[in-house]
Amino acid sequence: MERGTMAFERGSVMRGVAAGVLALSMLGVSACSSNKPPKTFSTQNDEPGLNPFKRFGGGKAPASEGSIGVNGYLWRASLDTLAFMPLASADPYGGVIITDWYVNPETPAERFKATVYILDTRLRADGLNVTVFKQTKDINGNWVDAPVADQTSTDIENAILTRARQLRLSNIKG
């Protein structure tokens, strides 16, 4: 008989432990719930307090509704600089401008295509990346990829940055 009562007691103890663990976990889960919205964390805010980068103009500018997602001066300067090339695609929110192939009338055996990536909302030299592609005609008249001088992309980037600075200065003065 002792054997039967001992098993009954062990089972009731285990059921009590299981019920206690279940009750504590339910209490823990219910304590985590809240009527407040979840807090989001960001690297930039307009709350008062110490922000060492705010003084120097660091950080992204707040995007207002209906604005483009990249630096407006770089965007406009890129379009102005590459205006001689036909435009294939322009995404002002992603900051990508893709031109179609351009054939210079003076050299009809070669053509160029450019892709501009605007990587930041700030007017910075490292916020811009230009890739240039070149093709030449072979003997059969087919377009074949050709190497582009490294300086070509750099020259276009510098022209865009110069134009962006001009646009910014004219906006400040005017």
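Position one of the sequence shown corresponds to residue -5 (the numbering used here), numbered consecutively onward. For each residue, glycine too, the CB sits at the ideal point set by N, CA and C.
- In the three-state reduction of the DSSP assignment, L122 falls in the strand class.
- T101 and G135 have their C-alpha atoms spaced approximately 14 angstroms apart.
- If you draw a 10 Å sphere on the C-beta of T93, you find 16 or more other C-beta atoms in it, and that means buried.
- Contiguous beta strand (DSSP E) elements confined to the region 83 to 123 occur at 90 to 93, 104 to 112, taking only those with 3 or more residues.
- By the Cβ rule, the region 130 to 147 does not count as touching the region 75 to 82, because fewer than three pairs are nearer than 8 angstroms.
- Only buried fits T75, as 16 or more other CB atoms lie within 10 angstroms of its CB.
- For D139, same chain residues with a beta-carbon under 8 angstroms away, outside a window of 5 residues either side, are F127, K128, Q129 in chain order.
- Per DSSP, reduced to three states, the secondary structure at D139 is strand.
- The residue among G63, L163, R162 with its C-alpha nearest the C-alpha of I112 is G63.
- By the Cβ-count criterion, T156 is exposed, with fewer than 16 other Cβ atoms from all chains shown falling within 10 Å of its own Cβ.
- Counting along the chain, no alpha helix (DSSP H) covers I62, and no H or E run does either.
- In the structure shown, L81 adopts extended strand secondary structure according to DSSP, grouped into three states.
- Counting along the chain, L155 sits inside the alpha helix (DSSP H) bounded by residues 144 to 167.
- Taking every protein chain shown into account, the CB of A71 has 16 or more other CB atoms within 10 angstroms, so this residue is buried.
- By the C-beta density criterion, G89 is buried, having at least 16 other C-beta atoms within 10 angstroms.
- The residue among A108, T148, W69, E104 with its C-alpha nearest the C-alpha of F78 is A108.
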